[in-house]
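Mind the numbering: the sequence shown is residues 123 to 332 in our numbering, read in order.
Idealized CB from N, CA, C, for every residue including glycine.
The structure under discussion appears below in the form of structure tokens.
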Amino acid sequence: ARVYSIGFPVYCIYVVRKTFQGGLHEYSHEAKYGFLYRDLKDRFYWFRLTSFMINFFIALQLTISTSLVTKIMVSALIFSVNVTLVGIFLPFDDMYINVGHLIGGCLTILEAIILIGVIDASFLGNFSGASDSDEEQEDETTIQDIARAVIITVLILCLLIIAIVRYYFFRKSRDRVHFSESNKALGRRISKPVVEMDSKPVVGMKSKKS
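The structure is reproduced here in structure tokens:
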């Protein structure tokens, strides 16, 4: 199982890389490997592979960690990475898919925050195999508070990063459009025909004698 969980993403990376070099939209390539990059912009063909790696790390930490709060917290933090990547790059062709991924990721993180808050401390002690003494329940409650604070902080930072990056790209795109329109206007002014002045003397004015 471990060999498969590691080997499958690596193999997908190799396949998609070779497919990108040969042409993503070749019929033979898209029929075989299109599920790995379908609905993605061509330059973000690698994005779905990051989702595979994120799922791998979630599964890995679920098998390693023994604390339920830690499992939920780490899963939420890994989800926040996916949300940040989608918000920064907007890798899908359809904007609705990008928005759907952002909303789904944020709801999953909020669900983790709520879940950590509603889990009873005695249940956490029984889950980890420890006794349910008052001191240990207080420790578990403290861990819950810390985990929620960490997730909320990371979520806010991720949203701030997305907002800053998207605003930067928006301004850059707006400046590019403004520069292009200015060049077009300047080109129209330059391309106007020059009206030649008539060489005939103006009526009412006497010509000078030589």
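Item: Of the residues Val-137, Tyr-289, Val-208, Ile-273, the one placed nearest Lys-154, counting alpha carbons only; Value: Val-137
Item: Beta-carbon proximity check, Leu-198 vs Ile-225, cutoff 8 Å; Value: This sequence places Ala at residue 198; Leu is not what is there. Not a contact, by the Cβ cut-off of 8 Å.
Item: Cβ-Cβ distance between Ile-180 and Ile-200 below 8 Å; Value: yes
Item: Gly-294 versus Arg-288: straight-line alpha-carbon distance, rounded; Value: Note on residue identity: the sequence assigns Lys, not Gly, to residue 294. One C-alpha to the other measures close to 10 Å.
Item: Which listed residue (Asn-204, Asp-261, Ala-234) has its alpha carbon closest to that of Gly-222; Value: Asn-204
Item: Residues of its chain near Leu-279, where Cβ-Cβ distance is below 7 Å and the 5 sequence neighbours each way are ignored; Value: none
Item: Close-in-space but distant-in-sequence residues of the same chain around Ile-274 (CB under 7 Å, 5 per side omitted); Value: Ile-235
Item: Own chain, CB closer than 8 Å to Asp-161, minus 5 neighbours either side, in chain order; Value: Phe-214, Asp-215, Asp-216, Ile-219
Item: Nearest-angstrom Cα separation, counted from Phe-292 out to Phe-211; Value: 12 Å
Item: Range covered by the alpha helix (DSSP H) that runs through Thr-185; Value: 169 to 186
Item: 7 Å CB neighbourhood of Cys-228 in its chain, flanking five on each side removed; Value: Val-205
Item: C-alpha gap between Tyr-167 and Asp-261, whole angstroms; Value: 45 Å
Item: Residue range of the unbroken alpha helix (DSSP H) whose run includes Ile-225; Value: 217 to 240
Item: Per DSSP, cross-strand counterpart(s) of Phe-214; Value: Leu-162
Item: Three-state class that DSSP yields for Ala-252 in the structure shown; Value: Because Ala-252 carries a pLDDT of 49, less than 50, the predicted location of this residue cannot be relied on, and no value is offered for it.
Item: Residue burial classification, Thr-264 (beta-carbon count within 10 angstroms, cutoff 16); Value: exposed
Item: Integer Cβ distance of Phe-174 from Cys-134, believed to fall under 8 Å; Value: 6 Å
Item: Residue closest to Val-240, alpha-carbon to alpha-carbon, out of Ala-285, Ile-194, Arg-139; Value: Ile-194
Item: Local conformation of Ser-189 per DSSP, three classes; Value: coil
Item: Test item: CB-CB of Leu-282 and Ser-202 under 8 Å; Value: no
Item: Rounded straight-line distance, which links the Cα of Arg-298 to that of Leu-184; Value: 47 Å
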